[in-house]
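Counting in the numbering used here, the sequence shown tops out at residue 177, every number present. Everything on this sheet refers to the single structure shown next.
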Amino acid sequence: MRKLEMTGYATPVKILRSFTKDSIQQTKDANGIKKGDVILIMDASGGGTATADILAQLQIKAVATYNEMSHEAEQQLFINNIPVFSAVQLNIKRENEFAIATTEDITQAITQWEKNAEKYRYNQKQEWLQQLIKEYQSNRKKELKNLQEIK
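As structure tokens, this is what we get:
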């Protein structure tokens, strides 16, 4: 596996059986989880923001899942700029506790996530700006109405 990683063709993927604090700790103890690792979560249900924070503190590169994780956990990873995508996007080869995916597949999945994240952030800013304008207009109308009543 180390040879494949050194060629740049394949990237090791650390496997979490479930999205829990215990599973993260077990994987850390058994295989190590370090900065820049790609994590595959076999069962992403169950974890929340605290579990997502643990992964964020480890400064991992990305998370691949076979099923959906909670919106809150995914949002917490998003805030920490950690891509979350479907494991189906990666052609992951598994052997017991070890897994690899092509570096190209991982790069493509991350690039797509970054594009989607940029669109999402842009749309959020647009919605915020529109809401701000509506509030200003509403307050201004009230002020003008109050001025007219005083006259």
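We put the beta carbon where it would ideally sit given N, CA and C, even for glycine.
In this structure, DSSP gives residue 56 a helical state, which the three-state scheme calls helix. Per DSSP, reduced to three states, the secondary structure at residue 158 is helical. The beta carbon of residue 134 lies closer than 8 Å to those of 115 in the same chain, with the five residues before and after it left out. Taking a C-beta distance under 9 Å as the contact criterion, residue 77 and residue 47 qualify as a contact pair. DSSP places residue 80 outside any beta strand (DSSP E); the residue lies instead in the alpha helix (DSSP H), whose first and last residues are 75-83.
Pairwise C-beta distances place the segment 34-49 in contact with the segment 68-75, as three or more of them are shorter than 8 Å. In this structure the segment 84-95 lies against the segment 49-66, because at least three pairs of beta carbons, one per stretch, are closer than 8 Å.
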